[in-house]
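Numbering (the UniProt record's numbering), first residue to last: 1 to 285. Glycine included, C-beta positions come from ideal geometry on N, C-alpha and C.
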């Protein structure tokens, strides 16, 4: 895994590096949490002490490569200039977002833009990893089906008591493919007639203290099961399909659909499915 950071000043300018500029990145070593490399890398490269504010985005290419992009604020230190430059860093500087930059890759521009937009108008709650252990890279699913009249169901496992399903990521697939595996197991006949859409991350859990035992990641995600029936009008324009009355029947007796009756919970889930105001997770496959 790796962590990328942006450190913003109150005026919106941000730290960067002067040669082949990039937003800083820190590789995660064993026995460390996800965001310690962020603070270490900012100190080494820019000279500042910092505190992560929130995750902005998660990028992944399967469980072997996961990148956490953080927004951070300065809490101390001073800008590292030429006199303090060492093998850990080149000269750091502030970028005013107007001057020309020599870029290693243009992908950082989208990350910078996300950080600035989030600072001005946060579109998801502040999200930092929870200090809870997990042995593998897994996805815990709030897997919902929205039916007619905005009725909503959640897929649950029955034993030992009703609980949300969890599936481990496969090395050959995106982390979010775990949701597809759950749907395939629960309702194989309906799988190919539906899209399995991971809408975002509610929270994530990680504890890096014991390598191989507690340093996995659990992504608590919202996933929508949506009928994949494309209908078009006489001009070929795509039409919204009519809402199904009920979710597809469960074929595996380990699973059950639970209809949400509590109005406050139903409204919150419906809002999340429509506005996707969650921490985004992007597969780079």
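Contact set for residue i: own chain, Cβ-Cβ below 6 Å, skip 5 residues either direction
i: residue 247; result: 145, 153, 257
i: residue 126; result: 54
i: residue 202; result: 220
i: residue 166; result: 138, 140
i: residue 156; result: 162, 256, 258
Spatial neighbours of residue i in its chain, beta-carbon cut-off 8 Å, leaving aside the 5 residues before and after
i: residue 172; result: 62
i: residue 207; result: 33, 131, 132, 133, 134, 214, 215
Within 8 Å, strictly: CB atoms of residue i and residue j
i: residue 130; j: residue 253; result: no
i: residue 216; j: residue 151; result: no
i: residue 132; j: residue 35; result: no
i: residue 75; j: residue 49; result: yes
i: residue 198; j: residue 223; result: yes
i: residue 43; j: residue 81; result: no
i: residue 249; j: residue 193; result: no
Cβ-Cβ separation, residue j to residue i (assumed contact under 8 Å), whole Å
i: residue 178; j: residue 169; result: 5 Å
i: residue 163; j: residue 277; result: Going by Cβ atoms, the distance from residue 163 to residue 277 rounds to 25 Å, so no, they are not a contact pair.
i: residue 45; j: residue 283; result: Rounded, the Cβ-Cβ distance is 28 Å, inconsistent with contact.
Straight-line Cα distance separating residue j from residue i
i: residue 121; j: residue 234; result: 41 Å
i: residue 225; j: residue 141; result: 11 Å
i: residue 47; j: residue 102; result: 21 Å
i: residue 37; j: residue 265; result: 36 Å
i: residue 52; j: residue 39; result: 8 Å
i: residue 267; j: residue 137; result: 30 Å
i: residue 176; j: residue 158; result: 23 Å
i: residue 274; j: residue 84; result: 50 Å
i: residue 21; j: residue 96; result: Bear in mind that the predicted position of residue 21 carries a pLDDT of just 32, short of 50, making it unreliable; the figure below should be weighed with that in mind. Taking the straight line joining both Cα atoms gives about 13 Å.
i: residue 118; j: residue 237; result: 34 Å
i: residue 109; j: residue 161; result: 47 Å
i: residue 288; j: residue 263; result: Residue 288 lies beyond the range of the chain shown here (1 to 285); nothing can be said about it.
i: residue 100; j: residue 113; result: 16 Å
i: residue 285; j: residue 251; result: 30 Å
i: residue 64; j: residue 73; result: 29 Å
i: residue 68; j: residue 93; result: 23 Å
i: residue 272; j: residue 200; result: 9 Å
i: residue 279; j: residue 86; result: 36 Å
Chain-order list of residues whose beta-carbon lies under 7 Å from that of residue i (same chain, five-residue window excluded)
i: residue 245; result: 147, 148
i: residue 190; result: 248
i: residue 218; result: 134, 138, 140, 204, 205
Within-8 Å CB hit, residue i to chain C
i: residue 57; result: Considering every chain present, this structure includes no chain C. It has just one protein chain.
beta-carbon residue i near the ligand NAP non-hydrogen atom, thresh 7 Å
i: residue 225; result: No copy of the ligand NAP appears in this structure; indeed no ligand is present at all.
Which runs of the beta strand (DSSP E), 3 residues or longer, sit entirely within the segment 93–179? 134–146, 152–157, 166–168
Whole alpha helix (DSSP H) elements within the segment 32–93, 4-residue minimum: 36–46
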